[in-house]
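**Student:**
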């Protein structure tokens with residue numbers, strides 16, 4: 006059987022991979038209108054709008070969350086709340102999502118959308134460095150989503166693994182880091198590559214590393 010990398014090389018010879026990405030976005034069911042508005046307002050009002058998870062990742066988060074039905078979840082790196090609302094959308098009505106964010110303006114922006122969403126009551130945003138916030142949290146989590154500063158990816162992973170219940174999910178975004186993991190030079194490149202390599206050998210978990218958008222590493226704790 007041909008490998009995935011071989012198939013992708015063949016496809017690349019006949020069709021641009023960006024075109025395939027666009028096709029996948031087009032054929033994925035749309036997110037709620039409030040999230041579409043959030044995206045538009047993020048691009049018009051906030052810096053670095055490329056930090057948004059985007060439709061494919063957002064709908065993947067919602068679907069995984071709907072399947073897993075986590076009662077308690079943690080997000081590291083909330084930005085303007087797109088991924089938080091996507092996760093909350095799939096959670097049960099009594100679910101709780103704690104979000105770590107260091108940008109107070111992003112928190113204020115996100116909260117304005119949480120207040121308008123039927124799922125916003127599930128979300129609690131905490132200002133401050135995520136590693137400090139994690140140390141202050143009691144109890145365990147059913148799901149963790151990591152999408153913050155890449156230099157700390159390994160630190161975030163090691164901090165949350167003990168907090169995740171058996172059978173719980175850890176989802177890591179930007180795990181391909183725009184291809185820089187193939188030739189890591191900067192601290193962020195090295196950290197993302199390190200966490201990917203660790204997970205592949207980590208006996209505490211099992212995973213699948215997907216080439217979706219900028220990479221999605223999906224991890225289940227034993």
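Residue numbers (this note's numbering): 6 to 227.
Quick reminder that beta carbons are idealized off the backbone N, C-alpha and C, glycines included.
Small disclaimer: the values here were computed from a predicted structure and weren't measured.
1) In the DSSP assignment, find the unbroken alpha helix (DSSP H) run with residue 77 in it and report its ends.
2) Short check: CB of residue 157 to CB of residue 180, under 8 Å?
3) Less than 8 Å between the CB atoms is what I'm expecting for residue 169 and residue 197, so what's the real figure, rounded?
4) Hey, residue 132 and residue 86 are a contact pair by Cβ (cut 8 Å); roughly how many whole angstroms apart?
5) May I have a chain-ordered list of the alpha helix (DSSP H) segments no shorter than 4 residues that lie completely inside the region 58 to 135?
6) Using the Cα positions of residue 116 and residue 103, report the straight-line distance between them to the nearest angstrom.
7) What does the alpha-carbon distance come out to for the pair residue 84 and residue 112?
8) Give the single residue among 164, 52 and 124 whose Cα lies nearest to the Cα of residue 134.
9) If distances are taken between C-alpha atoms only, which option among 225, 217 and 175 comes closest to residue 60?
10) Measure the C-alpha to C-alpha separation of residue 50 and residue 44 and round it to an integer number of angstroms.
11) Going by the beta-carbon positions, is the gap between residue 221 and residue 62 smaller than 8 Å?
12) Given residue 77, which residues of its chain have a CB within under 6 Å of its CB, disregarding the five upstream and five downstream residues?
13) Ordered along the chain, which non-local residues of its own chain (more than five positions away) have a Cβ less than 6 Å from that of residue 159?
14) Taking the continuous beta strand (DSSP E) assigned at residue 159, which residues delimit it?
15) How many angstroms separate the CA atom of residue 194 from the CA atom of residue 206?
16) Identify every residue that forms a DSSP beta bridge with residue 227.
17) Could you check the C-alpha separation between residue 38 and residue 121 for me, to the nearest Å?
18) Rank 162, 151, 152 and 106 by C-alpha distance to the C-alpha of residue 138 and give the top, closest one.
19) If we count the other Cβ atoms within 10 Å of its Cβ and call it buried at 16 or more, is residue 27 buried or exposed?
20) For residue 55, which of 192, 35, 152 and 185 has the nearest alpha-carbon?
21) Provide the residue(s) that pair with residue 210 in DSSP beta bridges, ordered along the chain.
**Tutor:** With the given structure in hand:
1) From DSSP, residue 77 is part of no alpha helix (DSSP H) but of the beta strand (DSSP E) over 77 to 81.
2) no
3) Under the criterion of beta carbons closer than 8 Å, residue 169 and residue 197 do not qualify as touching, at roughly 20 Å.
4) Wrong, their Cβ atoms sit about 14 Å apart, outside the cutoff.
5) Taking only runs of at least 4 residues, the alpha helix (DSSP H) segments lying wholly in the region 58 to 135 are 60 to 73, 87 to 95 and 109 to 119.
6) Cα to Cα, the separation comes out at about 13 Å.
7) 7 Å
8) 164
9) 217
10) For residue 50 and residue 44, the distance between alpha carbons rounds to 10 Å.
11) yes
12) Cβ neighbours of residue 77 within its own chain (closer than 6 Å, five residues either side excluded): 101, 146 and 147.
13) 196, 199 and 200
14) First-last for residue 159: 158 to 165, but that is the alpha helix (DSSP H), not the beta strand (DSSP E).
15) 19 Å
16) Paired residues: none, contrary to the question.
17) A straight line joining the alpha-carbon of residue 38 with that of residue 121 spans about 11 Å.
18) Checking every option, the nearest Cα to that of residue 138 belongs to 106.
19) exposed
20) 152
21) 226
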